[in-house]
Amino acid sequence: MQLVVFAVVLILPALQREGFLSGIELQEDCKDIIERFGDMSCGLEGFGGLEDIDPILCTLKCSGNGRPKLPKGACSDGDLNCTLFGREELRNWGQGLQSRVNQVLKSWCPGYPRK
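With mature numbering (1 follows the signal peptide of the UniProt record, and there is no 0) applied, the sequence shown covers -16 to -1, 1 to 99.
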């Protein structure tokens, strides 16, 4: 009996914290997606690296004073729109940026793999 209580008291909360039994799916945060692709966006525009995010203007703040726009649907009411739709918009934006980087590498780097 004590073993069962021990298991419930210690193990169940740990599983719930990780989302295993809590009924939620662990999802990537909007900021994580923006930070992953923000440097790429700033760099492709020639503005250096990502420094910050401006959710009010829905832009990135780059080290070279550039401010590339985030995709439509990424922000609303002066904040990041981290709904399922907002995260999907950001992932699509990131895939588009990655495609642009791949195109640049294919045209400028002869040794870059061509598919």
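Just so it is clear, CB atoms sit at the ideal spot from N, CA and C, and this is done for glycine as well.
Remember, it's a predicted structure, so these values are computed and weren't measured experimentally.
Might you give, ordered along the chain, the residues of its own chain that have their beta carbon closer than 6 Å to the beta carbon of residue i, omitting 5 neighbours on each side?
i	result
Gly48	Phe31, Gly32
Pro52	Ser25, Glu29, Leu44
residue 106	Shown here, the chain extends from -16 to 99; a query on residue 106 therefore has no answer.
Check each candidate in the options and name the one with the smallest Cα separation from residue i.
i	options	result
Leu54	Val88, Glu19, Gln87	Glu19
Gly57	Leu68, Asp63, Glu73	Glu73
Gly62	Cys46, Gly95, Gly80, Pro39	Pro39
Cys46	Gly95, Leu64, Gly27	Gly27
Lys15	Gly50, Asp23, Ser60, Cys66	Cys66
Straight-line CA distance for residue i to residue j?
i	j	result
Ser83	Leu41	25 Å
Glu35	Val88	23 Å
Trp92	Asp23	20 Å
Lys90	Gly70	30 Å
Is it buried or exposed, residue i, if we count other Cβ atoms within 10 angstroms and call 16 or more buried?
i	result
Leu5	The pLDDT assigned to Leu5 is 46, lower than 50, so where the model puts this residue is not dependable; a value taken from the coordinates is nonetheless given after this. With fewer than 16 other Cβ atoms within 10 Å, it is exposed.
Glu9	Legend: pLDDT at Glu9 = 47, less than 50; position of this residue unreliable, no value from coordinates given.
Leu68	exposed
Report all residues from its chain with a CB closer than 7 Å to the CB of residue i; omit the five preceding and five following residues, and keep chain order.
i	result
Glu12	Arg71
Tyr96	Leu89, Lys90
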